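Numbering (full-length UniProt numbering), first residue to last: 1 to 459.
Structure, as structure tokens:
Right, dumping it as structure tokens:
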């Protein structure tokens, strides 16, 4: 059974169960209440009869000829009391009058005349005149078909109304349930279609939803997931293409050189051999970088952590770049604002991080430019912050979001002789995150780039 059918069935079942509950509950409840209503009406008639016969005694100073009144009570009571007892209710009552000696002197049914009042069942009321008992009114209620029919007719009418309301409510519930269920299942159906598309390999499919409810957020999450899958697939394809390209070039050079030497076109002298060795080193470096990056991304990168003075560490790395910056007349500034902080770091890994960033800064900073290294402590987050800024050409905003991706190059026109393999920043990010830190970048075309490394200090 589909979800739509289940929802409609559930709503309809609930309405029907409520209707059946009302039917059986109110059937007994209404019967009891209506019977009580009849009793109350009956007691009202008894009160009126009591008043009437007390008035009769007041007018006649006795109950003489009262039996004649009982024989014609329907007409008399109708005239004196608005016809209230001139209803089928009165036909259901036997009225008796007893004297002060407790002997029945009048009976509307002529059944108890002359008998003691104490032997007569029913409702007994004293008849008073000037607060003195002058007689006794006795009312006997007799069950008959008239009252039974009244109760049955009322209950039948009420039950019919409940059943009709239940049927109408069920129809409305089905209609409303269908509308609600349709609204609930429609985005689910779209989502299922999207899942089928993605499972078949189509990551370009997007689910559209207009209402901003829980389904909207679910669909948005699905679309975001699909976009991530599509992006990951593009990265995978690009990675395969980039790896193949990076491997093809040194292999082609090595193969060409060796074939030329084999054919005698090129002499196997020291210069040619060194060129071959350089390509082998380049190839080995690429493979090693890919391996290190894969370990870092998988969280399996081995770290040889040891207490390391951050300022001394930065001084050591910077000193290795002074000769390179002097060649391009680039000013290398350092501003070490933090105190002597010792962090548990893998010196080799962190050296590679700083070197990769400085190498990029040096490559993209023009002559007479400036590179600044700043170390500081963020009291709010408890992190050591290392910032490397340059006054270089900057990074294209379109490339900036993917700057840490594998084989990402800030300058697409750059060839292999001008740069590395495109893995430097990816490795830097992986190594920093392996130290439970973060790395970010900001850049502006024509003004320069700034990399920020944040490492937890545990102070």
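Even for Gly, the Cβ is constructed at its ideal location relative to N, Cα and C.
In this text the structure is predicted, and so the values were computed from the model without any measurement.
With 16 or more other Cβ atoms from the protein chains shown falling within 10 Å of its own Cβ, residue 429 counts as buried. Contact between residue 375 and residue 310 holds: their C-beta atoms lie close to 6 Å from each other, under 8 Å. Every beta strand (DSSP E) stretch that sits fully inside the stretch 365-407 and reaches 3 residues is listed by chain position as 370-378 and 383-390.
Secondary structure note for residue 202: it is in no beta strand (DSSP E), with a DSSP letter that is neither H nor E. Residue nearest to residue 394 within the set 443, 286 and 198 is 443 (criterion: CA-CA distance). The beta carbon of residue 177 sits closer than 7 Å to the beta carbons of 7, 8, 11 and 12 from its chain, once the five residues preceding and following it are set aside; these are given in chain order. Looking at the backbone, the Cα of residue 61 and that of residue 164 are separated by about 59 Å.
Burial of residue 383 is indicated by the presence of at least 16 other C-beta atoms within 10 angstroms of its C-beta.
For residue 273, the uninterrupted alpha helix (DSSP H) run begins and ends at 270-297, by DSSP. From the listed residues 138, 427, 270 and 188, the smallest Cα separation to residue 438 is found for 427. Excluding the 5 residues flanking it on each side, residue 345 has same chain C-beta neighbours closer than 7 Å at 305, 308 and 435, in chain order. If you check the CB distance, residue 388 and residue 325 do not come in under 8 Å. Put simply, of 287, 253, 454 and 357 the residue whose alpha carbon is nearest the alpha carbon of residue 274 is 253. DSSP, reduced to helix, strand and coil, places residue 135 within a strand of the structure shown. C-alpha of residue 256 to C-alpha of residue 264: approximately 12 Å in a straight line.
Under the DSSP assignment, residue 324 falls in the alpha helix (DSSP H) whose first and last residues are 322-327. For the pair residue 224 and residue 191, the Cα-to-Cα distance works out to about 13 Å.
Cβ-Cβ separation between residue 116 and residue 102: approximately 6 Å, consistent with a contact (criterion under 8 Å).
The beta carbon of residue 283 sits closer than 6 Å to those of 250, all from its chain and outside the five residues before and after it, given in chain order. With contact defined as three or more Cβ pairs closer than 8 Å, the stretch 332-343 and the stretch 295-304 are not in contact. Between the alpha carbons of residue 303 and residue 347 lies a gap of roughly 9 Å. Nearest to residue 323 by C-alpha distance, out of 362, 217 and 338, is 362. Between residue 222 and residue 194 a beta carbon distance of about 6 Å is seen, short of the 8 Å cut, so the two are scored as contacting. Judged by DSSP in its simplified three-state form, residue 448 adopts strand. Counting only the Cα atoms, residue 24 lies some 41 Å from residue 51. For residue 54, the CB contacts under 7 Å within the same chain, skipping 5 residues up- and downstream, are 127, 128 and 129 in chain order. Taking a C-beta distance under 8 Å as the contact criterion, residue 281 and residue 338 do not qualify as a contact pair. Separation of the CB atoms of residue 108 and residue 120 is rounded to 12 Å, and the pair is thereby denied contact status at 8 Å. By the neighbour-count criterion, in which a residue is buried when 16 or more other Cβ atoms sit within 10 angstroms of its Cβ, residue 118 is exposed. For residue 328, the CB contacts under 6 Å within the same chain, skipping 5 residues up- and downstream, are 367 in chain order.
Setting aside the 5 residues that flank it on each side, residue 198 is surrounded in the same chain by 205, 226 and 229, each with a C-beta closer than 8 Å to its C-beta; the list follows chain order. Cβ-Cβ separation between residue 353 and residue 431: approximately 5 Å, consistent with a contact (criterion under 8 Å).
In the DSSP assignment, residue 309 falls within the beta strand (DSSP E) that extends over 306-309. Per DSSP, the continuous beta strand (DSSP E) segment holding residue 128 begins and ends at 123-129. At a Cβ-Cβ threshold of 8 Å, residue 392 and residue 449 count as neighbours.
In the structure shown, residue 345 falls within a strand segment according to DSSP collapsed to helix, strand and coil.
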